[in-house]
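Trainee:
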Amino acid sequence: VSVYKSQQEASIAVAGRIAALIKKKSEKGEKTVLGLATGVTPIRVYAELIRMHKEEGLSFKNVITFNLDEYYPMQPTAVQSYVTFMNENLFNHIDIDRNNVHIPDGTLKQEDVAAFCLNYERQITALGGLDLQILGIGRTGHIGFNEPGSAPNSGTRLVTLDDLTRSDASRDFGGKQNVPTKAITMGIGTIFKAREIILMAWSGKKAPIIKKAVEGEISGEVPATYLQLSDHVDFVLDEAAASEL
Ligand code: GLP
């Protein structure tokens, strides 16, 4: 667990780690495979990466990304889609090749979802796996959209969103009734295979779930507790989120 004075300081540190990894691999002529997250939590990390791209020439030409999740159903052009989120908060401002960007497809027909999910996993595996996965955490203890009840070896799949998750998303959708009931998410097993995992959380609002995730009994009721079983996870927190530890 690393605790920083502020979200800003923590975000700069995480962005620095991502940049160092990209540079190290690029120098060896290798691609960096990143697992990315949405939500308010990583926004300043992305802002710092954009700054490094613009001011320091950090290039994303050798970077391949896989996003954790997407609402289902969801049109990529919708303001609430994670495609829109990633474009606005990162991809529109850096030199990444759009062919290297992967986000679960919220427009699939239900009968095509399983094959899509299997292929998502295969694409990650074919590239040698995720070098680094960044995560936020939902108040249910979800990572990605792996809600309570998710299995530790779960793969990318269609899931039903928890009621609390839908309440938390209701502002973005102008009311809970408009929040999709489902999502496509990488699984706990997919996340676990990443060579490095960074889970970030800011503010006192996240303090109770961070206490459970870091110190609570390992259980599918709080999926983030599975991270305790991994030796390559960093919980990066601000003081407020760490206040109950
Ligand atoms: C969403 C995302 C998660 C994210 C969580 C927390 O449900 N699917 O990946 O970690 O919300 O969001 P926020 O960072 O806005 O608190």
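Going left to right, the sequence shown walks through residues 17 to 261 as UniProt numbering numbers them. We treat Cβ as the ideally placed atom computed from N, Cα and C, and that holds for glycine.
Do the region 124-143 and the region 53-62 touch if we need at least three Cβ pairs shorter than 8 Å?
Mentor: Contact fails: fewer than three Cβ-Cβ distances are below 8 Å.
Trainee: Which residue comes first and which comes last in the beta strand (DSSP E) that contains Y20?
Mentor: 18-20 is the span of the beta strand (DSSP E), which, as asked, contains Y20.
Trainee: If you draw a straight line from the alpha carbon of G55 to that of K44, how long is it in whole angstroms?
Mentor: Distance between the alpha carbons of G55 and K44 is about 32 Å.
Trainee: The beta strand (DSSP E) spanning residue 278 covers which residue range?
Mentor: Only positions 17 to 261 of the chain appear in this structure, which leaves residue 278 out of reach.
Trainee: At a cut-off of 7 Å, is L143 close to ligand 1 when judged by its beta-carbon and the heavy atoms of the ligand?
Mentor: Every heavy atom of ligand 1 is 7 Å or more from the Cβ of L143, so no.
Trainee: Below 6 Å CB to CB, which residues in the same chain sit around E212 once its five sequence neighbours on both sides are set aside?
Mentor: Here the set comprises L148, H248.
Trainee: Identify the residues that DSSP records as bridge partners of T176: which are they?
Mentor: DSSP output for T176 lists K198 as bridge partner(s).
Trainee: In chain order, what residues of the same chain have a beta carbon less than 7 Å from the beta carbon of T181, not counting five sequence neighbours either side?
Mentor: The answer, listed in chain order, is G154, T156, H158, E163.
Trainee: Per the DSSP calculation, M216 is bridged to which residue(s)?
Mentor: M216 is bridged to V252.
Trainee: By alpha-carbon positions, which one of T241, K227, L215 ends up nearest to D250?
Mentor: Of the candidates T241, K227, L215, the one whose C-alpha sits nearest the C-alpha of D250 is L215.
Trainee: Note down, in chain order, each residue of its chain lying with its Cβ closer than 6 Å to the Cβ of L65, except the 5 sequence neighbours on either side.
Mentor: Closer than 6 Å at Cβ, skipping near neighbours: A31.
Trainee: What does the alpha-carbon distance come out to for the pair D128 and P168?
Mentor: D128 and P168: Cα-Cα distance of roughly 24 Å.
Trainee: Do P239 and I204 have their beta-carbon atoms positioned less than 8 Å apart in this structure?
Mentor: Yes, they are a contact pair.
Trainee: Let me check you understand the geometry: is the CB of F82 closer than 7 Å to at least one non-hydrogen atom of ligand 1?
Mentor: The answer is no for F82.
Trainee: Please report the distance separating the alpha-carbon of S42 from that of N78.
Mentor: Going by the C-alpha atoms only, they are around 7 Å apart.
Trainee: Along the chain, where does the beta strand (DSSP E) that runs through V79 open and close?
Mentor: Segment 79-83, the beta strand (DSSP E) holding V79.
Trainee: Would you verify that the beta carbon of V117 is, or is not, closer than 8 Å to some beta carbon of chain B?
Mentor: The structure shown contains no chain B; it holds only a single protein chain.
Trainee: Mind checking G187: buried by the 16 CB within 10 Å criterion, or exposed?
Mentor: In the sequence as displayed, the identity of residue 187 is Arg instead of Gly. Classification for R187: exposed.
Trainee: Under 8 Å, do I226 and A258 count as touching if we go by C-beta distance?
Mentor: Yes, they are a contact pair.
Trainee: Is T123 near ligand 1, with its Cβ less than 7 Å from a heavy atom?
Mentor: No, since every heavy atom of ligand 1 falls outside the 7 Å radius drawn around the Cβ of T123.
Trainee: Does the separation of the CB atoms of Y88 and G122 fall below 8 Å?
Mentor: Yes; because the gap between Cβ atoms is below 8 Å, this pair is in contact.
Trainee: Quick one: what's residue 298 bridged to in DSSP?
Mentor: The question about residue 298 has no answer, for the chain in this structure spans 17 to 261.
Trainee: Ligand 1 heavy atoms versus the CB of L151: any closer than 7 Å?
Mentor: Yes, ligand 1 has a heavy atom inside 7 Å of this Cβ.
Trainee: For a test of the three-state rule: what should DSSP assign to N169, helix, strand or coil?
Mentor: Correct three-state label for N169: coil.
Trainee: Within 7 Å: the Cβ of A210 and any heavy atom of ligand 1?
Mentor: No.
Trainee: Give the secondary structure of V230 by DSSP, where H, G and I count as helix, E and B as strand, and everything else as coil.
Mentor: Of the three classes helix, strand and coil, the one that applies to V230 here is helix, per DSSP.
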